[in-house]
Amino acid sequence: MTKAEIVSTIAKSSGLDRATVLTVVEGFIETVTGSMIEGNNVYLRGFGSFVVKKRAAKAARHIKQNKTIIIPERSVPTFKPSHYFSEALTQNLDKTKK
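According to our numbering, the sequence shown is numbered sequentially starting from 1.
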């Protein structure tokens with residue numbers, strides 16, 4: 001599902017115009033992104049958590065040059081779905097497989 005499809009779906013279900021919904025969705029994305037850039041996690045009860053995780057430095061191989069390189073420590077964004085979200089997804093996927 002794309003951002004445009006999300007905006008259309010919310011606009012239809014809420015009765016709000018698409019421009020207002022688009023502003024809210026973009027505001028949400030900017031807020032979550034900005035918070036994570038600052039190193040903060042975002043917790044949405046019943047949905048999940050956007051968490052900043054540290055990945056340790058590690059050694060890797062550059063195959064073409066046949067050399068070992070060091071990949072530096074870095075921060076990566078991750079999403080951890082809530083228990084309720086995971087259960088609902090599992091139950092609905094199980095129903096569609098039958």
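Just so you know, even glycine gets a beta-carbon here, dropped at the ideal spot from N, CA and C.
Simplified DSSP state of S82, which is helix, strand or coil: coil
- Task: Flag this pair as yes or no: are the beta carbons of K99 and V76 separated by less than 9 Å?
- Result: Summary: the structure shown does not reach residue 99, with the chain confined to residues 1 through 98, and so no result is reported for it.
Practice task
Taking R61 as part of the beta strand (DSSP E), name the residues at either end of that continuous run.
Solution key: Membership of R61 in the beta strand (DSSP E) is indicated by the continuous run K58 to H62.
Worksheet item: Curious, which full-length alpha helix (DSSP H) runs of at least 4 residues does the region 9-71 contain?
Response: 18-37
Suppose contacts are defined by Cβ-Cβ distances below 9 Å. Is F28 in contact with P81 by that definition? No; because the gap between Cβ atoms is not below 9 Å, this pair is not in contact.
According to the Cβ coordinates, are A59 and I70 closer than 9 Å?
-> Cβ distance < 9 Å, so A59 and I70 count as in contact.
Practice task
Check the DSSP bridge columns for V76 and list the partner residues they point to.
Solution key: K53
Notebook entry, point to check: Beta carbon of V51, beta carbon of F79: below 9 Å?
Noted result: Result yes, Cβ atoms of V51 and F79 sit closer than 9 Å.
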